[in-house]
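J.:
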Amino acid sequence: MPAIKLVGILLAGIGTLAIYSFLYRENKFYRLFEHVFIGVGVGIGVIETTRRFLIPELLQPLYVKGLAGLAVSRVVPGMVSPFGVSGAFVSRIAQDAWQPAEFLWLVPAVIGSLYYTIYSRRYNWLARLVIGLGIGAAGGAAFEGIFTEMLPQIYSAFRPIVVFEMKTGGIDWGMSLINVIMTVSMICTMLYFIFTIDRKKIYLERAASTGRLLMMISFGAIFGATVTARMALVIERIQYLTGDWAQAVFYSFYQVFGW
Amino acid sequence: MTIRRDIGALVDWWSRFRDDPRAELRRLPGALRRFPKALLLWLGGLDRRIIYLLTALALIIPLSCELMYAPPRMAQAEKLFDFIEGMKERDERSLVLVSVDWGPQTRSELEPATLAVIKHCMYSRVPVVVMTLVYAAQGFTVEIPREAIDAVEKARRDAGLPEDEVKVVYGRDWINIGYQLGSVNAVRGIASDLPSQVSTDVNGTPLSDFPIMRDVANADDFGLMVEITGYVGFANMWLQWFKKEKPVYISLACTSVSVPESYAYLDSGQFVGLLEGMPGAAGYDRKLEETLGIPHAEKTYRAMTQQMFGQALVVILVVLGNLAYVVGRRVKEAA
Amino acid sequence: MSKRRIIAVVTLLGGVYYFLKFFLPPDYGGRALESQWANVSRFWRVMGSVMIGLGVINIFRVYGRKVVKKAREWPESIALLLAFMGTIAVGLVDVLKTVDVSTFTGVQAAQAAEPSAFTSIYWDVMFNGVLMSFGAAIFSLLGFYITQAAFRAFRVRSFEAALIMASAVFIMLGALPMPVLSDVLPEWLGGIRTWLLTGVNVGVQRAVLVGSLAAGLIMAVRMWFSLDRGGAMADGGGGLR
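Protein chains in written order, with my numbering: chain L, 1 to 259; chain Y, 1001 to 1335; chain B, 2001 to 2241.
1. Give a yes or no on whether the minimum CB-CB distance between P1104/Y and chain L is below 7 angstroms.
2. Alpha carbon to alpha carbon, how far is I2052/B from V2200/B?
3. Fully enclosed by the segment 1033 to 1112 of chain Y, which beta strand (DSSP E) runs are 3 residues long or longer?
4. By DSSP, does L2096/B sit in helix, in strand, or in coil?
5. Could you give the residue range of the alpha helix (DSSP H) that holds G2030/B?
6. Kindly indicate the opening and closing residues of the alpha helix (DSSP H) around Y2063/B.
7. Shorter than 7 angstroms from the beta carbon of R1107/Y to some beta carbon of chain D?
8. Do three or more CB pairs link the segment 42 to 51 of chain L to the segment 1082 to 1100 of chain Y at distances below 8 angstroms?
9. Along the beta strand (DSSP E) that carries E1227/Y, what are the first and last residues, could you check?
10. Find the nearest neighbour of N1203/Y within the set P1279/Y, Y1170/Y, Y1249/Y and S1108/Y, judged by alpha-carbon distance.
11. Along the chain, where does the beta strand (DSSP E) that runs through G1178/Y open and close?
12. Taking Cβ-Cβ distances below 9 angstroms as the criterion, which residues of the segment 1265 to 1284 of chain Y are in contact with chain B?
13. Classify E205/L: buried if its beta carbon has 16 or more other beta carbons within 10 angstroms, exposed otherwise.
14. Would you kindly work out how many angstroms separate the C-alpha atoms of T1200/Y and P56/L, rounded to a whole number?
15. Quick check on this structure: which residue in G1321/Y, V1318/Y, R1093/Y and I1316/Y has the alpha carbon closest to the alpha carbon of L1224/Y?
16. Give a yes or no on whether 7 angstroms exceeds the smallest Cβ distance from Y1052/Y to chain B.
17. Name the two residues that bound the continuous alpha helix (DSSP H) containing I1212/Y.
18. Give the interface partners of Q255/L over in chain B, defined as CB-CB distance under 9 angstroms, in chain order.
19. Could you list the residues in the segment 2025 to 2042 of chain B with a C-beta less than 9 angstroms from some C-beta on chain Y, going in chain order?
20. Which chain Y residues are close to M216/L, counting only those with a beta carbon under 9 angstroms from its beta carbon?
21. Determine the direct distance from the alpha carbon of R2193/B to that of V1990/B, and round the result to whole angstroms.
22. Check this for me: beta carbons of L1337/Y and L1274/Y, under 7 angstroms apart or not?
23. Look at the alpha carbon of G43/L and the alpha carbon of R2045/B, and state the distance between them as a whole number of angstroms.
24. Rounding to the nearest angstrom, what Cα-Cα distance links W2123/B and I19/L in this structure?
25. Tell me the DSSP bridge mates of Y1170/Y?
26. Going by DSSP, what residue range makes up the beta strand (DSSP E) through I146/L?
27. Run through the DSSP bridge pairs and tell me what C1254/Y is partnered with.
28. By the three-class DSSP mapping on this structure, what secondary structure does M231/L have?
29. In the DSSP assignment, what residue or residues form a beta bridge with F164/L?
30. Please tell me whether S120/L has its Cβ less than 7 angstroms away from any Cβ of chain B.
31. Would you say P100/L and Q1270/Y are within 7 angstroms of each other, going by their C-beta atoms?
32. Which ranges does the alpha helix (DSSP H) cover as unbroken runs of at least 4 residues, wholly within the segment 2154 to 2240 of chain B, from first to last along the chain?
33. Could you tell me the distance, in whole angstroms, from the CA atom of A2136/B to the CA atom of Q1105/Y?
34. Taking 7 angstroms as the threshold (beta carbon to beta carbon), is Y1069/Y in contact with chain B?
35. Using a Cβ cut-off of 9 angstroms, pull out every chain B residue sitting near G1182/Y, in sequence order please.
36. Less than 7 angstroms between CB atoms is the rule here; does E57/L satisfy it with respect to chain B?
See below:
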């Protein structure tokens, strides 16, 4: 096992135990590892943004097709480079050298940079332009997104109350029952949330309170599902501690002490 | 500290018993009669740390006893299984896109699901494209297919296939296009014009070099999209944005928490199948083993057995908690 | 034009592309707009990527201040800053390793091989060792809390609570392995789970879903046209007039 991997696994196990010590009581050990987690997390966020966004989307095109491309196109327009040592470098740049349109990408970069005015008392309204642009985009995009997602929900809400079997032509009682229940629970739940109609009529009130009960069944399903999900989280950690981590601990003991 | 108080009471009783054992024995029948009520009252004031300890024990004991039971069949997971099995016969589009959109928080539930789906595609020779929208999952897009390949090749070897049919070939049977940045933008980019959104695979090799990606232009060229996610809104994002001209079949593997909500989409046909968290993945694994002979992932089966003990503890605790509450209230009212 | 109005106009402009792309028929501009998707999405990515400095500035502002003022948890804050700077240093080394310096492109040399697992201090220690594991550990505390909550807080005091409990038990049991009980329990008991989820649950969830999506649409319109006072218009002493 490579030493780096081993260090990673050992650290992971110790950190997990430190974080679990919080279950006994709040302590320094826990706080230390929690803070390290935040620090590393933000650091990785910055590094990944640089690696995946900043370099390939902005810096690289600006440099290769913009600045360097300009230089190359001035000296050897469209040619393979005659420049000895840096030949390979220049020829690779020259292939798509000098695309001045790439400089246009400085526009969104400048707009994005306006967000830094948030630290200024006087100019921080400029940061709101950036926020506004984002909100506007989300608002405009919501139409397509919501319609695509909502329409199938709406038309699948219209169900045949009586379902016939394809083969025999008889009534499929099971399916019909499910459809009835589904329709009733949907209507009742909607009624429970509609406050703009007069609920004085007793049947509306009854339907709304039935909706409430039906919602409880659905909430129960969510609760049961949540228990499964939360248990799964602990199970993963326990399997890790008793599997990979325990192995790594024994392995390092073996390496260090020979037993 | 309730623990200290309880231990103190136990020590007191022991010293009384040593002084006069007979008197204590005479008190025994009465004490036994009062015991259930006293126990419940004691439970009502139980320290939270004891409950944490019980939880840990309930999950560690089945693991240390090496217990492993077969999970139940899951109907919705089998729907996805049948869909993938039927892909080859149904139409010419048999490319599957698997998006591994989960991080460390939901690894326990979604790693088995990812593994099961990729294993199935590889075994049934349905070409699969693996990607992720989450930078935290970059490592998984490499490790999980590796694990799947090992399992698939072993299963094929065990089935007695000739060696040239055993191998899962990168670039023909599967490809990893890695991390795609920009969530909604990436999804729509892949859907409308894949080559302009993704030019290389995860290693930087041009996509046109791989037979699997030739003639793949947009969402219409995918026969199925499997979204595996634990993040809120990711499944909706694929539903909303992953389409070109024809409707694309989408399936979801989610954490247990989002199962109730996902059923609405399953019912409307927006999802063709659903892997319901860890149970769904385990059910899928079982189906794979029963129909195709791919050995199940031991980790998943063990985890389901641990689930069984853990959830039994939760149910028991709810019942005990309620009994303790009722007894406690009665005692308070009597006082 | 007042600042407020400028912001409203910019907000409106932000959504025009998406709105038109959806509503214009393909032959009357819809397709042309769709073909610009790659550029529009790159616009957002470039805009977002230059903001990473905010994270760096904020982390030094919040935790650096704690260290300087020796406020509560200042030793931990030092650890946090060290971890942060360490990750940046190690990560930059990793980035430079994978970036082809000669053309400054963010990809490695071409090789048509199966991808191998990443190995470096950045991936093994920072990424898998700390980010993945600590994250999973912190979230898994919830697993302990839910048993505690089940014991302490789940009181069946009313018919509604009993319904929640009954439904939860069926959902849980229906998805669990039943090693011994499978012979004892009737077949239909497991089916109740599916029945609850596909019948009542779908109806309720759909009602909630359609309601929330409709509300989402209305919210989107209000935000887009700056009809709400929230969002970009929220006035936190930002000098808006």
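All residues carry an ideal CB built from backbone N, CA and C; glycine is no exception. Small disclaimer: the values here were computed from a predicted structure and weren't measured.
T.: In short, the structure shows the following:
1. Not an interface residue.
2. Rounded to whole angstroms, the separation of the alpha carbons of V2200/B and I2052/B is 46 angstroms.
3. For the segment 1033 to 1112 of chain Y, whole beta strand (DSSP E) runs of length 3 or above, ordered along the chain, are 1096 to 1101.
4. L2096/B falls in the helix class under three-state DSSP.
5. In the DSSP annotation of this structure, the continuous segment of the alpha helix (DSSP H) that includes G2030/B starts and ends at G2030 to S2035.
6. The continuous stretches of alpha helix (DSSP H) do not include Y2063/B, and DSSP gives it neither H nor E.
7. Protein chains L, Y and B are contained in the structure displayed, whereas chain D is not.
8. Pairwise C-beta distances place the segment 42 to 51 of chain L out of contact with the segment 1082 to 1100 of chain Y, as fewer than three of them are shorter than 8 angstroms.
9. E1227/Y -> beta strand (DSSP E) spans L1224 to T1229.
10. For the residues P1279/Y, Y1170/Y, Y1249/Y and S1108/Y, the minimum Cα distance to N1203/Y belongs to Y1170/Y.
11. Element bounds for G1178/Y: W1174 to Y1179.
12. Within the segment 1265 to 1284 of chain Y, those residues whose Cβ lies closer than 9 angstroms to any Cβ of chain B are, in chain order, Y1265, L1266, D1267, S1268, E1276, G1277, M1278, P1279, G1280, A1282 and G1283.
13. When all chains shown are included, E205/L counts as exposed.
14. The alpha-carbon atoms of T1200/Y and P56/L are separated by roughly 13 angstroms.
15. It is R1093/Y whose Cα lies nearest to the Cα of L1224/Y.
16. Under the Cβ criterion of 7 angstroms, Y1052/Y is counted among the residues facing chain B.
17. Element bounds for I1212/Y: n/a, residue is neither H nor E.
18. Those within 9 angstroms of Q255/L in chain B number zero; the least Cβ separation is about 17 angstroms.
19. Answer set for the segment 2025 to 2042 of chain B: E2034, S2035, W2037, A2038, V2040, S2041 and R2042.
20. Correct list: empty, because the minimum Cβ distance to chain Y is about 13 angstroms.
21. The structure shown does not extend to residue 1990/B, since chain B is modelled only from 2001 to 2241, so the question has no answer here.
22. Within the shown structure, residues of chain Y are numbered from 1001 to 1335, placing residue 1337/Y beyond reach of any answer.
23. Between the alpha carbons of G43/L and R2045/B lies a gap of roughly 19 angstroms.
24. Taking the straight line joining both Cα atoms gives about 21 angstroms.
25. Y1170/Y is bridged to W1174/Y.
26. Membership of I146/L in any beta strand (DSSP E) is not indicated; the residue belongs instead to the alpha helix (DSSP H) covering W125 to Y155.
27. DSSP output for C1254/Y lists T1229/Y and E1276/Y as bridge partner(s).
28. Of the three classes helix, strand and coil, the one that applies to M231/L here is helix, per DSSP.
29. For F164/L, DSSP records a beta bridge to I171/L.
30. No, its Cβ sits nowhere closer than 7 angstroms to a Cβ of chain B.
31. Cβ distance not < 7 angstroms, so P100/L and Q1270/Y don't count as in contact.
32. Inside the segment 2154 to 2240 of chain B, DSSP marks whole alpha helix (DSSP H) runs of 4 or more residues at positions 2159 to 2174, 2187 to 2196 and 2202 to 2224, from first to last along the chain.
33. C-alpha separation (whole angstroms): 5 angstroms.
34. For Y1069/Y, the answer is yes, since a Cβ of chain B falls inside 7 angstroms of its Cβ.
35. Going along chain B in sequence order, the residues near G1182/Y (Cβ under 9 angstroms) are S2041, R2042, W2044, R2045 and G2048.
36. Closer than 7 angstroms: yes.
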